[in-house]
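Here the sequence shown is numbered in numbering that gives the first Met the number 0, starting from 0 and rising by one per residue. Backbone N, C-alpha and C fix where the C-beta goes; we use that ideal spot for every residue, glycine too. None of the values given here were measured: they were computed from a predicted structure. One structure is given below, encoded as structure tokens.
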Amino acid sequence: MEGSVRIDAPAETADGAGETPAMARTGTLYGVGMGPGDPDFLTVKAMRVLEHAPVLVHFCKRGKRGNARTIADAVVCDPTREFPLAYPYTTELHPDHPEYVSALAGFYDEAAGRLADHLGAGRDVAILSEGDPFFYGSFMHLWRRLKDRFPVEVIPGVTGMSGCWTRAGTPITWGDDVLTILPATLPREALLERLKGTDAAVIMKLGRHLPKVRGVLAETGFLARAVYVERGTMADERVVPLAEKADDVAPYFSMVLVPGEGRRP
């Protein structure tokens, strides 16, 4: 079947012997979009890869399971295929800190080497990605290191922002609205400048940056229509107008939506 994961036994040669190492195929690297949280948003193709890939990679904080792997619980019941990759840092250092940059580069280099061993041995490797693999996904760092050496297939997923504005019942753009997607980690002035030039916005990766985001939205006049969504589509989802959120506590998996108000015939 086209697009299906190949789990091949060694091919037989004319004299009945198996393939030589030089003839053996390499594995395929899959970037699997896991969607925003609710496993019902997994695509059929993503589920097919999850069911058959012998190596299932998920990023996580040390000592915890990754969100992408948790989504896969609805499909995967075989812990022998799990391949966790624990980040050396998550929120302990600023992303621009030299130690953070160095540690993450080494982490991705080492992880790529370990996955290359599996791929070189003919085993397919599926990297599970929250949302879509090519949208702020850690998968991209391994893809960049491995794409010229092994076959790659990226399976798109429903993005977190799409899941959030759907669950919030908030159409995000109308008519000719321009949508700007911003990481809350940007400096305040950068956020302010970008928001001044847009009609609608999605601000991601909130965490400890929520007070800064709230202040910028107030200054640009967007606060009144901003919607806060926490863990959208997940079991502990929370949706509330940002102006009604009394505290500035926000997990990493939260975002603010600023819907556009464009042409509505």
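Leaving out five residues before and five after residue i in sequence, what residues of the same chain have Cβ atoms less than 7 Å from its Cβ?
{"i": "residue 231", "result": "35, 36, 159, 162, 163, 166"}
{"i": "residue 152", "result": "27, 29"}
{"i": "residue 22", "result": "Because residue 22 carries a pLDDT of 47, less than 50, the predicted location of this residue cannot be relied on, and the following value inherits that uncertainty. None."}
Between which two residues does the alpha helix (DSSP H) holding residue i run?
{"i": "residue 30", "result": "Element bounds for residue 30: not the alpha helix (DSSP H) but the beta strand (DSSP E), 28-32."}
{"i": "residue 57", "result": "Premise fails: residue 57 lies in the beta strand (DSSP E), 54-60, not in any alpha helix (DSSP H)."}
{"i": "residue 193", "result": "187-195"}
{"i": "residue 86", "result": "Not the alpha helix (DSSP H): residue 86 falls in the beta strand (DSSP E), residues 81-86."}
{"i": "residue 210", "result": "209-219"}
{"i": "residue 97", "result": "97-119"}
Return yes when the Cβ of residue j is within less than 9 Å of the Cβ of residue i, no when it is not.
{"i": "residue 126", "j": "residue 57", "result": "yes"}
{"i": "residue 175", "j": "residue 262", "result": "yes"}
{"i": "residue 27", "j": "residue 150", "result": "yes"}
{"i": "residue 81", "j": "residue 61", "result": "no"}
{"i": "residue 196", "j": "residue 253", "result": "no"}
{"i": "residue 189", "j": "residue 172", "result": "no"}
{"i": "residue 130", "j": "residue 33", "result": "yes"}
{"i": "residue 194", "j": "residue 257", "result": "yes"}
{"i": "residue 65", "j": "residue 177", "result": "no"}
So, for residue i: in the same chain, excluding its five sequence neighbours on each side, which residues have a beta-carbon less than 8 Å away from its beta-carbon?
{"i": "residue 241", "result": "213, 216, 222, 225, 226, 227, 255"}
{"i": "residue 247", "result": "209, 210, 213"}
{"i": "residue 6", "result": "In this predicted model, residue 6 has a pLDDT of only 40, less than 50, meaning its place in the structure is not dependable enough to derive any value."}
{"i": "residue 118", "result": "25, 26, 27, 28, 124, 145, 148, 149"}
Work out the CA separation of residue j and residue i for me, nearest whole Å.
{"i": "residue 17", "j": "residue 25", "result": "Note that residue 17 scores 49 on pLDDT, short of 50, meaning its location in the model is unreliable; the coordinates nonetheless yield the value given after this. For residue 17 and residue 25, the distance between alpha carbons rounds to 15 Å."}
{"i": "residue 55", "j": "residue 102", "result": "23 Å"}
{"i": "residue 3", "j": "residue 156", "result": "For residue 3, the pLDDT reaches just 42, beneath the cut-off of 50, and the residue's location in the model is therefore unreliable, although a value from the coordinates is still provided. Answer to the nearest angstrom: the Cα atoms are 17 Å apart."}
{"i": "residue 187", "j": "residue 179", "result": "16 Å"}
{"i": "residue 142", "j": "residue 53", "result": "18 Å"}
{"i": "residue 245", "j": "residue 201", "result": "20 Å"}
{"i": "residue 192", "j": "residue 219", "result": "9 Å"}
{"i": "residue 72", "j": "residue 43", "result": "15 Å"}
{"i": "residue 59", "j": "residue 264", "result": "46 Å"}
{"i": "residue 203", "j": "residue 148", "result": "33 Å"}
{"i": "residue 38", "j": "residue 74", "result": "9 Å"}
{"i": "residue 106", "j": "residue 132", "result": "18 Å"}
{"i": "residue 154", "j": "residue 31", "result": "5 Å"}
{"i": "residue 98", "j": "residue 116", "result": "27 Å"}
{"i": "residue 114", "j": "residue 78", "result": "17 Å"}
{"i": "residue 182", "j": "residue 250", "result": "14 Å"}
{"i": "residue 87", "j": "residue 140", "result": "15 Å"}
{"i": "residue 138", "j": "residue 104", "result": "13 Å"}
{"i": "residue 70", "j": "residue 63", "result": "14 Å"}
{"i": "residue 100", "j": "residue 108", "result": "12 Å"}
{"i": "residue 120", "j": "residue 49", "result": "19 Å"}
For residue i, which residues of its own chain have a beta-carbon under 6 Å away from its beta-carbon, when the five flanking residues on both sides are left out?
{"i": "residue 134", "result": "158"}
{"i": "residue 145", "result": "28, 111"}
{"i": "residue 238", "result": "167, 228"}
{"i": "residue 136", "result": "128"}
{"i": "residue 236", "result": "230"}
Since I believe residue j is in contact with residue i (beta carbons under 8 Å), could you give me their beta-carbon distance rounded to a whole number of angstroms?
{"i": "residue 45", "j": "residue 84", "result": "With a Cβ gap of about 19 Å, residue 45 and residue 84 do not count as contacting."}
{"i": "residue 184", "j": "residue 208", "result": "6 Å"}
Kindly indicate the opening and closing residues of the beta strand (DSSP E) around residue i.
{"i": "residue 50", "result": "Residue 50 -> not in any beta strand (DSSP E); alpha helix (DSSP H) instead, spanning 43-51."}
{"i": "residue 182", "result": "178-182"}
{"i": "residue 254", "result": "253-257"}
{"i": "residue 138", "result": "Unbroken run through residue 138 is the alpha helix (DSSP H), 138-145; no beta strand (DSSP E)."}
{"i": "residue 228", "result": "226-229"}
{"i": "residue 203", "result": "199-203"}
{"i": "residue 152", "result": "151-154"}
{"i": "residue 127", "result": "124-128"}
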